[in-house]
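Trainee:
Protein chains: 2
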Amino acid sequence: MAEHVFDEAMALTGQAEDLFLGRTSPAYWNMVGPFGGISAAQALQAVLQHPKRLGEPVSFTANFAAALSEGPFRIEARPVRTNRSTQHWLVLLSQTDSEGQDAVVLTATAVTAVRRSTWSAVDAVMPEVPAPETIARGSLRRPVAWLQRYDIRPCAGSLPEQWDGSEADSLTQLWMRDDPPRPLDFCSLLALADVFPPRVWRRRARMTPVGTVSMTVYFHAGANELAATGSGYLLGQARAQSFFNGFFDQSAELWNQAGQLLATSHQIVYFKE
Amino acid sequence: MAEHVFDEAMALTGQAEDLFLGRTSPAYWNMVGPFGGISAAQALQAVLQHPKRLGEPVSFTANFAAALSEGPFRIEARPVRTNRSTQHWLVLLSQTDSEGQDAVVLTATAVTAVRRSTWSAVDAVMPEVPAPETIARGSLRRPVAWLQRYDIRPCAGSLPEQWDGSEADSLTQLWMRDDPPRPLDFCSLLALADVFPPRVWRRRARMTPVGTVSMTVYFHAGANELAATGSGYLLGQARAQSFFNGFFDQSAELWNQAGQLLATSHQIVYFKE
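Sequences listed follow chains A and B, in order.
With the first letter of the first sequence counted as 1, position 153 gets the number 477 in this note's numbering; the numbers rise by one all the way through.
With the first letter of the second sequence counted as 1, position 108 gets the number 432 in this note's numbering; the numbers rise by one all the way through.
1) Buried or exposed: where does W487 of chain A fall if 16 or more other Cβ atoms within 10 Å of its Cβ makes it buried?
2) Closer than 8 Å by C-beta to S555 of chain B: which residues in its own chain qualify, once you throw out the five before and the five after it? Chain order, please.
3) Is the Cβ of T496 of chain B closer than 7 Å to any Cβ of chain A?
4) Indicate whether at least one CB of chain B lies closer than 7 Å to the CB of S441 of chain A.
5) Can you tell me whether G583 of chain A is buried or exposed, with buried defined as 16 or more other CB within 10 angstroms of its CB?
6) Would you tell me roughly how many angstroms separate the C-alpha atoms of Q411 of chain B and N354 of chain A, rounded to the nearest one?
7) Check this for me: beta carbons of L392 of chain A and S363 of chain A, under 7 Å apart or not?
8) If the cut is a Cβ gap below 7 Å, which residues of chain B does I592 of chain A touch?
9) Specify whether the segment 458-465 of chain A and the segment 406-420 of chain A touch according to this definition: at least 3 beta carbon pairs, one from each stretch, less than 8 Å apart.
10) Under 7 Å between C-beta atoms, does G535 of chain B make it to chain A?
11) Leaving out the 5 sequence neighbours to the left and right, which residues in its chain are closer than 6 Å to A545 of chain B when beta-carbon positions are compared?
12) Should M334 of chain B be labelled buried (16 or more other beta-carbon atoms within 10 Å of its own) or exposed?
13) In chain order, what residues of the same chain lie with their CB nearer than 6 Å to the CB of L533 of chain B, ignoring the 5 residues before and after it?
14) Starting from W579 of chain B, follow the beta strand (DSSP E) in both directions and report where the run begins and ends.
15) Between S444 of chain B and N569 of chain A, which are expected to be in contact by the criterion C-beta below 8 Å, what is the C-beta distance as a whole number of angstroms?
16) For chain A, find out if any of its Cβ atoms is closer than 7 Å to the Cβ of A448 of chain B; answer yes or no.
17) Considering only residues of the same chain and omitting the five flanking positions on each side of L495 of chain A, which have a CB-CB separation below 6 Å?
18) Three Cβ pairs or more, each shorter than 8 Å: is that satisfied between the segment 385-401 of chain A and the segment 440-458 of chain A?
19) In or out: Q425 of chain A buried (at least 16 other Cβ within 10 Å) or exposed?
20) What's the C-alpha gap between F344 of chain A and A365 of chain A?
21) Once the 5 residues before and after Q561 of chain A are set aside, which same chain residues still bring their CB inside 6 Å of it?
22) Just the C-alpha distance for S559 of chain B and A401 of chain B, rounded to the nearest angstrom, thanks.
23) I want to verify the contact list: residues of chain A whose CB lies under 7 Å from the CB of E597 of chain B, in sequence order.
24) In terms of alpha-carbon separation, which member of A:A517, A:V524, A:D342 lies closest to G360 of chain A?
25) Closest to G379 of chain A by C-alpha separation, out of A:E485, A:P456, A:A455, A:T436, would be which residue?
26) Report the CB separation of R526 of chain A from L483 of chain A in whole angstroms; it is logged as a contact under 8 Å.
27) Pick out whichever of B:G338, B:F567, B:A351 has its Cα sitting closest to the Cα of E327 of chain B.
28) Can you tell me whether DSSP reads T433 of chain A as helix, strand or coil?
29) Is there at least one Cβ from chain B nearer than 7 Å to T433 of chain A's Cβ?
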């Protein structure tokens, strides 16, 4: 069986203890660089592949410093502090630029932890929406490769049919999963948290240039819960709280079909005007 | 006039281009280390003091790797990527441990940017609560120094009167400002975003040990908007979305009295049981 394109994208080669080599994936290409969720997932993958990793990811923040160029990249993933049950990571993804210089294109920090079983509760209840099987797959009105890697079933708050500048709320709800379906893991969950269309496009019905500058994902599930989710759909909900002088935020939640909140995610995004 | 204790805490000495020296502040001491908001603000202060800084902070993430010990620390703040209007920062705060070794106690990343005036909108509307002047100051039931540095006026969702394990929602609303009052700036706003009591204490009426492991603040205001806020109160609202096997999240919003959303903040927090 052919390898899933997501696994191809996540394939890193260990070069030294803290150094991994990878390359951008044409299958997940966006406008002027790869889909940000994939680059973030590659940075997390370096942490997960590291021989000294302790536990599972709890928190991950990626800062998108520059668009990646097509081709190879290096990831330095360094455990800067290892405690009894938690570990703190610094990750730098870099490429050689046109002048032959090493340039940082993405920075990330991660916290991994050995979780213990405790009292647990979910306060963010999954909104009631129709089942994914009853919703038609969203049309791909944007000609970018990465969108074809996801099966997206819009529930509410889709992008406007017409870019007429009519203002709306900034809430979007959609079902999503990898296409072809693939069992969920931490890297694919991280990438799925970045699938939502830019809030400002929804809010203003206006297609201004945008680019995520920083993205954080908090994982509220362990490997067992992700395995139980399998290749089912996730319900994603995203909304903005502020658009201010060139930057807007997005907060998102991702539940599995059983109603378990697997991750919450936040990002801040540049917009041109 | 004596210097404000917050300014004393923020005083860093430049040692080399990317290296700053500071020390912990007894005035902001918590249980087993400084109040996390102060340590995060000191890390941001290094970025703000850096001679190569471009623009104002848009995004800041601090990861709390270990409790700081009383005494001096070093901050390495490095601009790893400078674009036309944005700049990406890596920050490492370290101390010499009992064995004479250099140990990282806090990592941070920041994005600063030269903002341009654009279309703006606030989707997170300030909840209606009584004015701060009409609310009695909260009692300090926890004997920790840092709480005395803040004037907190509880509106809703205070910590329970009795630790009887009765479950409630996880929402807290409160007015807050520095005490004595001090004109708001990016560092003090960052610290204020960490003032809320631990969500799990509110949610469960049970005082389990807690510790923030990662905290992100998105700034939705520039220096002009902070100056206009002056030393007035901020309305803070915080709630959790998930408590799962040892970690819970917190999302918070901070408005000034004029109703402008100045910052949104997110954190993930360890809890023991």
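Every residue gets a Cβ at the ideal spot worked out from N, C-alpha and C, and that includes glycine.
Mentor: Quick look at the numbers:
1) exposed
2) R501, D502, P505, R506, P507, L508
3) no
4) yes
5) exposed
6) 22 Å
7) yes
8) V382, S383, Y542
9) no
10) no
11) L586
12) buried
13) A quick correction: the sequence has Pro, not Leu, at residue 533 of chain B. For P533 of chain B, where only same-chain residues beyond five positions count, the Cβ hits under 6 Å are K596.
14) 571-580
15) 6 Å
16) yes
17) G481, R563
18) no
19) exposed
20) 14 Å
21) Q497, E577
22) For the record, residue 559 of chain B in the displayed sequence is Leu; it is not Ser. Going from the Cα of L559 of chain B to the Cα of A401 of chain B covers about 31 Å.
23) T442, W443
24) A:A517
25) A:T436
26) 6 Å
27) B:A351
28) strand
29) yes
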